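Novice:
Numbering (UniProt numbering), first residue to last: 1 to 566.
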């Protein structure tokens, strides 16, 4: 064999040897790359492209067909992911090939990908991810860069209609105004919105006498029920004790020539933020205070901060609005002492008509609003004292009937209000508002309260079916006269006097009393029917419609005065 032939053969064997070594190294490198990527894929951790893979691709391009077929066994992510973007800067493995446990924990919907960054952020917890629409169709072109969405445009201030489950939730609007009343306080009825605009409210205050009108049908549910308000006293809890009809809840007061805005608890609490209000009077004053607490319960429940367990002297505090309400039981407004012995009908009271009841009068300076009322107790047998001396009586006992002059209930009624208003006007510190709530009529028929009288009507009177007369008319007129005189004096001293006149409106509501539904029936006991107090909920809630209107007028006037002075 020729030497050059041997040399050629030796060179060829060396080339084959080098090729075999290189091919062996390439195959081993490919195996290592595949193993590393498989391990990384199993833990869903994306790996950067390996330089060995590039070396193998370069080598396979210059190799024979067998090496080319080996490179095709590593598929492109865009081939197996029909919904993925064509941007391959991040090649997400196909979710269809993942282990199901890892898919449930880590899978991110295609619409949540961020193709503009080489590595996606770690997946967020499911609970913090906003609800989105169903996944869109496959994206065939790279999506635009992710940017902050523009702020939502509110086209309608009213709440949007319920959305389907699959639609996005409405955007959260940050509003500094008070939140709407929570629905869990009065399910399922939402708070009734005011049915007048601000212009109509001004017309109400200027042109309308809110004390005269009629009750018209209102088929909406009541503001609250005995299951949504804890403040209802047992004797007024008509629903609890089985009153069979609910028609007495389906009426609202319509003044002549205008509309009375319905009670808005949010607006009311904002109006009295940082203020305090006291109710002074008998159990009907407590009736109104409990109605107010129930009306406000759709927004906030107060905290009881009373210094006593006596229900006649309660104080509650609305922490969110820094608002305090107190009740001071004073049925005569003036100093009084109850004599021992006798029945409820014959028991005597000593009334010192020129001495104020210090239990409430000593606290007036601590409050911004004083709601004062009385009337139903002035018909009790009473001994009248003035300047410390007995000078007359009402229903005088037989042993002294010849010694003292007989005076009527109207005398003590007028004296009590005169002295109460004078006490407030003489205060040097009080600069708030005094509100007179006029007398609340009773509706006994076929007898009096202790002799079979009852109130069984189920509908309001028409306005021409009844009118004030007798003792109630005289009590009412005397209170208005004393109020007018006190208002004039208060104007000179910077004290506001406002009238909450609901007497004629309540005269038309014989159906609103508890009657026998203020307790469970007991055949062993003989109880009087209650035609004095009012069911809760019931017509008494209208008193606080009027109260809210009185405060609204007062506050708007103050704002107007300040603006004018500036």
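Idealized CB from N, CA, C, for every residue including glycine.
What you are looking at is a predicted structure, and each value in this text was computed from that prediction instead of being measured.
Using only CA atoms, which one of 538, 535, 516 lies nearest to residue 528?
Specialist: Considering only alpha carbons, the answer is 516.
Novice: With DSSP as the reference, label residue 229 as helix, strand or coil.
Specialist: Of the three classes helix, strand and coil, the one that applies to residue 229 here is coil, per DSSP.
Novice: Would you kindly work out how many angstroms separate the C-alpha atoms of residue 365 and residue 427, rounded to a whole number?
Specialist: Cα-Cα distance, rounded: 8 Å.
Novice: Check the C-beta distance from residue 548 over to residue 213 and give it rounded, since I have them as a contact under 8 Å.
Specialist: At roughly 17 Å, the Cβ-Cβ gap does not stay under 8 Å, so residue 548 and residue 213 are not in contact.
Novice: When you compare only the Cα positions, how much space is there between residue 439 and residue 464?
Specialist: C-alpha separation (whole angstroms): 20 Å.
Novice: Decide if the stretch 246-254 is in contact with the stretch 215-227; the criterion is three or more beta carbon pairs, one per stretch, under 8 Å apart.
Specialist: Yes, since at least three Cβ pairs between the stretch 246-254 and the stretch 215-227 fall closer than 8 Å, the two stretches touch.
Novice: Using a 10 Å radius around the Cβ and a threshold of 16 neighbouring Cβ atoms, would you call residue 265 buried or exposed?
Specialist: It counts as buried.
Novice: So residue 493 and residue 387 are supposed to be a Cβ contact under 8 Å. How far apart are they, rounded?
Specialist: In fact, because the Cβ distance is near 26 Å, the residues do not count as touching under 8 Å.
Novice: Helix, strand or coil for residue 503 per DSSP?
Specialist: Three-state DSSP puts residue 503 in a helix.
Novice: Got a sec, what are the start and stop residues for the beta strand (DSSP E) residue 280 sits in?
Specialist: First-last of the beta strand (DSSP E) with residue 280: 276-281.
Novice: Just to confirm my understanding: we take residue 257, look at its own chain, exclude 5 residues before and 5 after, and list those with CB closer than 6 Å. What are they?
Specialist: 208.
Novice: To the nearest angstrom, how far is it from the Cα of residue 550 to the Cα of residue 323?
Specialist: C-alpha separation (whole angstroms): 17 Å.
Novice: What whole-angstrom Cβ distance do residue 542 and residue 498 have, given they're in contact under 8 Å?
Specialist: Wrong, their Cβ atoms sit about 16 Å apart, outside the cutoff.
Novice: Drop a sphere of 10 angstroms on the beta-carbon of residue 448, count the other beta-carbons inside from all chains shown, and report buried for 16 or more, exposed for fewer.
Specialist: Residue 448 should be labelled exposed.
Novice: Measuring straight from C-alpha to C-alpha, what distance separates residue 558 and residue 552?
Specialist: Their backbone Cα atoms lie some 10 Å apart in a straight line.
Novice: Roughly how far, in whole angstroms, is the beta-carbon of residue 482 from the beta-carbon of residue 414, given that I think they are within contact range, below 8 Å?
Specialist: Contact holds; Cβ gap of about 6 Å.
Novice: According to the neighbour-count rule (16 or more other Cβ atoms, all chains shown, within 10 Å of its Cβ), is residue 508 buried or exposed?
Specialist: By the neighbour-count rule (16 or more Cβ atoms within 10 Å), residue 508 is buried.
Novice: Near residue 184, what residues of its chain come up, given a Cβ to Cβ distance below 6 Å and the 5 sequence neighbours on each side ignored?
Specialist: Interpretation of residue 184 is limited by its pLDDT of 36, a score under 50 that renders its predicted location unreliable; no figure is taken from the coordinates.
Novice: From the DSSP secondary-structure annotation, give me the bridge partner or partners of residue 383.
Specialist: DSSP, once it has assigned bridges, lists 350, 393 as partnering residue 383.
Novice: Use the C-beta contact count for residue 573: other C-beta atoms within 10 angstroms, 16 or more gives buried, fewer gives exposed.
Specialist: Coverage of the chain is limited to positions 1 through 566, which leaves residue 573 absent and any answer about it impossible.
Novice: Would the stretch 372-387 count as touching the stretch 309-319 if we require 3 or more Cβ pairs under 8 Å?
Specialist: As far as the Cβ criterion goes, the stretch 372-387 does not touch the stretch 309-319, which means the pair count is below three.
Novice: Just tell me which of 280, 298, 442 has its CA closest to the CA of residue 470.
Specialist: Taking only the C-alpha atoms, the option nearest residue 470 is 442.
Novice: Compare the C-alpha of residue 273 against each of 491, 320, 334 and name the closest.
Specialist: That would be 320, whose Cα lies nearest to the Cα of residue 273.
Novice: Considering just the uninterrupted stretch of the beta strand (DSSP E) at residue 412, what are its terminal residues?
Specialist: It is not in any beta strand (DSSP E) - residue 412 instead sits in the alpha helix (DSSP H) that spans 409-425.
Novice: Tell me where the alpha helix (DSSP H) around residue 481 begins and ends.
Specialist: Where residue 481 is concerned, the enclosing alpha helix (DSSP H) stretches over 470-493.
Novice: Around the Cβ of residue 242, are there at least 16 other Cβ atoms within 10 angstroms (buried) or fewer (exposed)?
Specialist: Residue 242 should be labelled exposed.
Novice: Contact check, residue 330 vs residue 281 under 8 Å by CB: the rounded distance?
Specialist: About 7 Å separates the two Cβ atoms, so the contact holds.
Novice: For residue 268, report the span of its alpha helix (DSSP H) as first-last.
Specialist: Note, residue 268: alpha helix (DSSP H), 265-271.
Novice: Under DSSP, the beta strand (DSSP E) around residue 217 begins and ends at which residues?
Specialist: Per DSSP, residue 217 belongs to the beta strand (DSSP E) from 213-217.
Novice: Does residue 304 pass the burial test, meaning 16 or more other C-beta atoms within 10 Å, or should it be called exposed?
Specialist: Classification for residue 304: exposed.
Novice: Sorted by chain position, which residues of the same chain lie with C-beta nearer than 6 Å to residue 571's C-beta, five sequence neighbours on each side aside?
Specialist: With the chain running from 1 to 566 in the structure shown, residue 571 is simply not present.
Novice: Give me whichever residues DSSP pairs with residue 371 in a beta bridge.
Specialist: According to DSSP, residue 371 bridges with 279, 435.
Novice: Give the secondary structure of residue 234 by DSSP, where H, G and I count as helix, E and B as strand, and everything else as coil.
Specialist: In the structure shown, residue 234 sits in a helix (DSSP, three-state: H, G or I).
Novice: Out of 430, 540, 467, 539, which has the shortest C-alpha to C-alpha gap to residue 491?
Specialist: The option with the nearest alpha carbon to residue 491 is 430.
Novice: Let's test the definition: count the other Cβ atoms within 10 Å of the Cβ of residue 361 and tell me whether it reaches 16, buried, or not, exposed.
Specialist: Flag for residue 361 reads buried.
Novice: Alpha carbons only, please: which of 496, 458, 328, 421 is nearest the one belonging to residue 359?
Specialist: Measuring from the Cα of residue 359, the nearest candidate turns out to be 328.
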